[in-house]
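So the number in our numbering is just where the residue sits in the sequence shown, counting from 1, plus 677. Here's the structure, in structure tokens; my notes come after.
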Amino acid sequence: MKIVSLFSGAGGLDLGLVQAGHEIIWANDIYADAVATYRKNIGNHVYMRDISEIPSSEIPSCDVVVGGFPCQGFSVANWGRTIKDERNKLYKEMVRVIDDKKPRFFIAENVKGLISLGKGEILKRIISDFSRVGYKTTWHVLNSADYGVPQKRMRFVMLGVRNDIATLPSIFPPEPTHHDPTKKGNCAKLKPWLSVGRALAHIPEPELAPDIPNHQYSKYKLRFNGHMGHRYIDPDKPAPTVTGRGDEKGGVVVLHHPKNHRRMSARELATVQSFPDNFVFEGTKTSAYRQIANAVPPALGYAIGVMLSKNANQILHFDREAI
Ligand SMILES: C[S@@+](CC[C@H](N)C(=O)[O-])C[C@H]1O[C@@H](n2cnc3c(N)ncnc32)[C@H](O)[C@@H]1O
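Structural data, given as structure tokens:
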């Protein structure tokens, strides 16, 4: 399907959608380094502009609009989170584009903190805004580890379906491919979660491999006090969430390497987010860390892309039956 991607960042979600066979025809972000990274790795169809200054007439028609509207205002990691946070309003730009372009589907993704913000009031408003412009919605909080990412990253993912499209059998959420091996259950067809130790095993120490792109690391001291970014990393489990701090003051949470002897390099953090080794980030080490922390893991994007294809096939089936 042809996809328009808002708030595309470095392109984590978009890479997964492309890997699943979709075509991104237009993308947009205001972060210069992220746009440069996107151009280098995904394509020239990305524009560096503020979405609130782009008229919908400049955006091409498409089958799907995807968007991870900025999550800082929604994050549980943000101590000052409040309903009044101005940054929350950027999702309204997404509503505007969807209203004007009327794609068959949309995907909105965000931090899971969105569901409890304002005791659920914000999510209710978001659902009613999308309903007002003609879309039924359904949402889930997905664990990236269930889709082959070596990280327990929880993401809120909403599927919107245009009202004139027949109600679909439930093909959402995407089928997990992996499972928690410590839990019993009927998981015979699923692979065990990918551990962070295994995912990073092929990457040599930065000092031994200075030519690997983005393989520089923060020398910030290690602490083991249980707080975010200061936890012992169990090499045999998926890593905890890689995250920007949620406000503009703190840095990105750079996890300890699974040997717990230093922090991860940007390359390693990218691997924990399931970016392939040949995906190169533009900008400084700090910028690369930030682009990576902001991203949807491509492997989760891939699962969403496969789910969209199944929905599309289903629609074609319904269309044929209608004829
Ligand atoms: C959570 S990140 C999206 C990450 C992306 N989905 C990915 O998978 O890599 C949100 C993005 O919104 C961008 N952004 C913030 N305000 C914006 C605006 N007014 N117009 C366009 N992009 C904006 C940020 O630069 C950031 O890259």
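Don't be surprised by glycine CBs; every beta carbon is placed ideally from N, CA and C. Computed from a predicted model, the values in this text were never measured in an experiment.
Per DSSP, the unbroken alpha helix (DSSP H) holding Asn718 starts and ends at Ala709 to Asn718.
Assignment of beta-bridge partners to Tyr894 by DSSP yields Ser942. For Val810, the three-state secondary structure derived from DSSP is coil.
Burial is judged here by how many other beta carbons sit within 10 angstroms of a residue's own beta carbon; Thr961 has fewer than 16 and is exposed. For Leu819, the Cβ stays outside the 7 angstroms cut-off from all heavy atoms of ligand 1. Assigned with DSSP and collapsed to three states, Ile889 falls in coil, not helix or strand. In its chain, beyond the 5 residues on either side, Val930 have a beta carbon closer than 6 angstroms to the beta carbon of Met905. The bridge partners DSSP lists for Leu836 are Ile784 and Thr815.
By a beta-carbon distance limit of 8 angstroms, Gly698 contacts Ser986. Their separation comes to about 7 angstroms.
Its Cα nearest to that of Met835, the residue Val818 stands out among Pro912, Asp841 and Val818. In this structure Ala704 is in contact with Ser685, their Cβ atoms being roughly 4 angstroms apart against a cut-off of 8 angstroms.
If you draw a straight line from the Cα of Gln828 to the Cα of Ala878, it is about 15 angstroms long. Separation of the CB atoms of Phe782 and Thr815 is rounded to 11 angstroms, and the pair is thereby denied contact status at 8 angstroms. Taking a cut-off of 8 angstroms for Cβ pairs, the stretch 888-898 and the stretch 938-955 touch, as three or more such pairs fall below it. Within the DSSP secondary-structure output, Trp703 pairs in a beta bridge with Val681. In this structure, ligand 1 has no non-hydrogen atom nearer than 7 angstroms to the beta-carbon of Tyr979. For Pro869, DSSP records a beta bridge to His856.
In this structure Gly797 is exposed. Its beta-carbon is surrounded by fewer than 16 other beta-carbon atoms within 10 angstroms.
Not one heavy atom of ligand 1 is found less than 7 angstroms from the C-beta of Gly720. As DSSP reads the structure, Ala965 sits in no beta bridge.
By the 16-neighbour rule on beta-carbons within 10 angstroms, Pro975 is buried.
In this structure, ligand 1 has a non-hydrogen atom nearer than 7 angstroms to the beta-carbon of Ser685.
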